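Here the protein sequences line up with chains X and W, keeping their order.
Numbering-wise, the first sequence is residues 102 to 358 according to the numbering used here.
Numbering-wise, the second sequence is residues 102 to 358 according to the numbering used here.
Notes for the one structure printed next.
Number of protein chains: 2
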Amino acid sequence: MYPAINPDLIHNLEKLGFTENEGKAYAGLVSLKEATAREVHELTGVPRAKVYDILKTLSKKGFVEVRQGSPVYFQAVDPKHVIGRIKDEFFTCAIEALDQLNELSYDIPRFSPVWCIQSEWGIRNRIREIFGNVRDELIVFSTNPEFLGEFESDLKKLEKNYRLILIVDDLNKFREMPFDFKETGKEFGDFVRNLFIDGVQYSEECFMIADGKESIAVHTAGDKREAVVIRLPVVCYLQKLIYNWLVKGGIMIDTQQ
Amino acid sequence: MYPAINPDLIHNLEKLGFTENEGKAYAGLVSLKEATAREVHELTGVPRAKVYDILKTLSKKGFVEVRQGSPVYFQAVDPKHVIGRIKDEFFTCAIEALDQLNELSYDIPRFSPVWCIQSEWGIRNRIREIFGNVRDELIVFSTNPEFLGEFESDLKKLEKNYRLILIVDDLNKFREMPFDFKETGKEFGDFVRNLFIDGVQYSEECFMIADGKESIAVHTAGDKREAVVIRLPVVCYLQKLIYNWLVKGGIMIDTQQ
DNA sequence: TCTATTGTTACTTTAGGGGTAACAAATGTA
DNA sequence: TACATTTGTTACCCCTAAAGTAACAATAGA
Numbered sequence: 102m103y104p105a106i107n108p109d110l111i112h113n114l115e116k117l118g119f120t121e122n123e124g125k126a127y128a129g130l131v132s133l134k135e136a137t138a139r140e141v142h143e144l145t146g147v148p149r150a151k152v153y154d155i156l157k158t159l160s161k162k163g164f165v166e167v168r169q170g171s172p173v174y175f176q177a178v179d180p181k182h183v184i185g186r187i188k189d190e191f192f193t194c195a196i197e198a199l200d201q202l203n204e205l206s207y208d209i210p211r212f213s214p215v216w217c218i219q220s221e222w223g224i225r226n227r228i229r230e231i232f233g234n235v236r237d238e239l240i241v242f243s244t245n246p247e248f249l250g251e252f253e254s255d256l257k258k259l260e261k262n263y264r265l266i267l268i269v270d271d272l273n274k275f276r277e278m279p280f281d282f283k284e285t286g287k288e289f290g291d292f293v294r295n296l297f298i299d300g301v302q303y304s305e306e307c308f309m310i311a312d313g314k315e316s317i318a319v320h321t322a323g324d325k326r327e328a329v330v331i332r333l334p335v336v337c338y339l340q341k342l343i344y345n346w347l348v349k350g351g352i353m354i355d356t357q358q
Numbered sequence: 102m103y104p105a106i107n108p109d110l111i112h113n114l115e116k117l118g119f120t121e122n123e124g125k126a127y128a129g130l131v132s133l134k135e136a137t138a139r140e141v142h143e144l145t146g147v148p149r150a151k152v153y154d155i156l157k158t159l160s161k162k163g164f165v166e167v168r169q170g171s172p173v174y175f176q177a178v179d180p181k182h183v184i185g186r187i188k189d190e191f192f193t194c195a196i197e198a199l200d201q202l203n204e205l206s207y208d209i210p211r212f213s214p215v216w217c218i219q220s221e222w223g224i225r226n227r228i229r230e231i232f233g234n235v236r237d238e239l240i241v242f243s244t245n246p247e248f249l250g251e252f253e254s255d256l257k258k259l260e261k262n263y264r265l266i267l268i269v270d271d272l273n274k275f276r277e278m279p280f281d282f283k284e285t286g287k288e289f290g291d292f293v294r295n296l297f298i299d300g301v302q303y304s305e306e307c308f309m310i311a312d313g314k315e316s317i318a319v320h321t322a323g324d325k326r327e328a329v330v331i332r333l334p335v336v337c338y339l340q341k342l343i344y345n346w347l348v349k350g351g352i353m354i355d356t357q358q
């Protein structure tokens, strides 16, 4: 029926502040170059009765030009200018908001010793923040090459200036990556990738300790990924444990615990 | 009651895609550093029952971190990172939309001989477009120094490469501007600043002719500003008329028309 | 004169956001 | 232990913006 309009484009325009119909009408006008309300309606499927209002508001916003007459003709303003302006306005707004937020919080102290992060982006963000705070050494344990791979370049940079200890459950899985890995062995790997708690399977994907005081553990529970940030003495203890293991060539696991 | 939250900030956050309550909750968390749902509610005025859902969605978006426990504590992710990410996503989206729109229209031909532009931004945009198309000469008539002033730097640039003829209704009003103006005289000025059509007062603010083929006339009707773009033989005729006036030192106005 | 199109108006429906009340569970207190 | 408070959740309501529908007067064309 209405083959001409790319739904992805409409979706993008919506994110830029257009309503669905505004997006359709504007996109329709761009491809028609110059058209009546009816033509826009026929191309886009926007109800004819609505096209008039919609084009009027677009015209007030400066996205559409009007030629008076009977019938009235409409024309789209060059997308370069329209998108450019929207972008500028958004930018101004973002900068202003950031300033105002910064007035509220000069710095964000991390009071608390344990935190849970539930969004993918939040996890990555926090990991990079930890990378930025390393002053001496970073210990990384991982069972997931894809996940670790995302931080390859960050880790390469860290390696230059700090002590970087990388431990994996299975050297073979990580052979593509250009690091000097230590291995825990199969037994430990199977253990951390299948922790059942209350019938829910937890799979540890990654664990990091920075300078023996801050740690982050990333795991999947069900289909969701989650991370826990810990700043407690236990982190220091874990660090020691890892050193012992590195020296003795083995790690002790108390599966009773 | 809730003095702490700047309404401007909330407004900005809304433009960045937050809902009102999301904005309040996030801003509240930023100033509280670390807080329970109740504390956020008390600071921001967001209904307590809603705070839980709102903080949950913010957490899924990665704008807020959660410390499990009883009660649950929440913490805002650094505004720098949050706003930064929103900005990036918006940017990507804008670029994508622009590409998709450009696929629809490789160029926008200006078919039509008369166009009406109703938005402030649209008018300025079109005027600058006309400036960009000048190949030989531009004639500008203005009765409004403020409006013309907005284009001072554009005109200065044009003056270097093309013939620029500036005409005003009253030299005195424009004496601040660094151009060599011609004057029409009071009679003509009064005429164009007070055109009554069907009881509505039209006031001509600005009129431009580029290369004798394209013209734009900006006027205010009531409290709204409007522009008409014309590409008709009449434009050429007007151009001639102006030359005649420049030579003879006067202009004829047929107020009967 | 008749017909189709244009432009307008009034109405319905839907979804999302906001606000309120009420309640079970957990926690704290006399 | 009994009671009160707080926490977290659920079920509602209201309102608005946007989308869709139907009908009609004015205009233009045959």
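C-beta atoms are modelled at their ideal positions from N, C-alpha and C, and glycine is treated no differently.
Only a predicted model underlies this, so the values are computations on that prediction, with no experimental measurement involved.
So which of the options has the shortest CA-CA distance to residue i?
| i | options | result |
| --- | --- | --- |
| residue 236 of chain X | X:261, X:164, X:246 and X:289 | X:261 |
| residue 198 of chain X | W:278, W:117, W:197 and W:204 | W:117 |
| residue 242 of chain W | W:270, W:277, W:134 and W:173 | W:270 |
| residue 140 of chain X | X:120, X:169, X:176 and X:158 | X:176 |
| residue 181 of chain X | X:273, X:131, X:272 and X:107 | X:131 |
| residue 185 of chain W | X:187, X:222, X:157 and X:150 | X:222 |
| residue 325 of chain X | X:341, X:338, X:302 and X:346 | X:302 |
| residue 232 of chain X | X:250, X:246, X:251 and X:256 | X:256 |
| residue 341 of chain X | X:289, X:144 and X:312 | X:312 |
| residue 138 of chain X | X:113, X:169, X:109 and X:121 | X:169 |
| residue 346 of chain W | W:333, W:285 and W:292 | W:285 |
| residue 190 of chain W | X:251, X:157 and X:113 | X:113 |
With burial defined as no fewer than 16 other Cβ atoms inside 10 Å of the residue's Cβ, what is the status of residue i: buried or exposed?
| i | result |
| --- | --- |
| residue 208 of chain W | Confidence in residue 208 of chain W is poor, its pLDDT being 44 and thus under 50, which makes the residue's placement too unreliable to answer from. |
| residue 111 of chain W | buried |
| residue 226 of chain W | buried |
| residue 204 of chain X | exposed |
| residue 224 of chain X | buried |
| residue 210 of chain W | No answer about residue 210 of chain W holds up, because its pLDDT of 47 lies below 50 and its placement is not dependable. |
| residue 192 of chain W | exposed |
| residue 171 of chain W | exposed |
| residue 296 of chain X | exposed |
| residue 353 of chain X | Reliability fails at residue 353 of chain X, whose pLDDT of 46 lies under 50, so the model's placement of it is uncertain and the value that follows must be treated cautiously. So residue 353 of chain X ends up on the exposed side. |
| residue 120 of chain W | exposed |
| residue 187 of chain W | buried |
| residue 133 of chain W | buried |
Is the CB-CB distance between residue i and residue j below 9 Å?
| i | j | result |
| --- | --- | --- |
| residue 219 of chain X | residue 306 of chain X | no |
| residue 155 of chain W | residue 115 of chain W | no |
| residue 129 of chain X | residue 147 of chain X | yes |
| residue 304 of chain X | residue 310 of chain X | no |
| residue 160 of chain X | residue 152 of chain X | no |
| residue 263 of chain W | residue 183 of chain W | no |
| residue 173 of chain W | residue 165 of chain W | no |
| residue 253 of chain X | residue 278 of chain X | yes |
| residue 282 of chain X | residue 267 of chain X | yes |
| residue 272 of chain X | residue 265 of chain X | no |
| residue 107 of chain W | residue 201 of chain X | yes |
| residue 150 of chain W | residue 144 of chain W | no |
Quick one: measure Cβ to Cβ for residue i and residue j, integer angstroms, because I've assumed they're closer than 8 Å.
| i | j | result |
| --- | --- | --- |
| residue 194 of chain X | residue 329 of chain X | Contact flag wrong, Cβ pair sits at about 34 Å. |
| residue 318 of chain X | residue 308 of chain X | 5 Å |
| residue 294 of chain W | residue 244 of chain W | 6 Å |
| residue 228 of chain W | residue 343 of chain W | Between residue 343 of chain W and residue 228 of chain W the Cβ distance is about 18 Å, and since that is not below 8 Å, they are no contact. |
| residue 246 of chain X | residue 287 of chain X | 16 Å between Cβ atoms; not a contact. |
Next on the checklist: In chain order, what are the residue ranges of uninterrupted alpha helix (DSSP H) at least 4 long that sit wholly in the segment 109-159 of chain X?
Outcome noted: Within the segment 109-159 of chain X, the complete alpha helix (DSSP H) runs of at least 4 residues are 121-133 and 138-145.
Next on the checklist: For a minimum of 4 consecutive residues, which ranges assigned as the alpha helix (DSSP H) are wholly contained in the segment 244-273 of chain W?
Outcome noted: 246-250 and 253-262
Item to check | Continuous beta strand (DSSP E) assignments of at least 3 residues falling wholly in the segment 283-348 of chain X | outcome: Fully enclosed beta strand (DSSP E) runs of no fewer than 3 residues occupy 296-298, 301-311, 315-322 and 325-331 of the segment 283-348 of chain X, in order along the chain.
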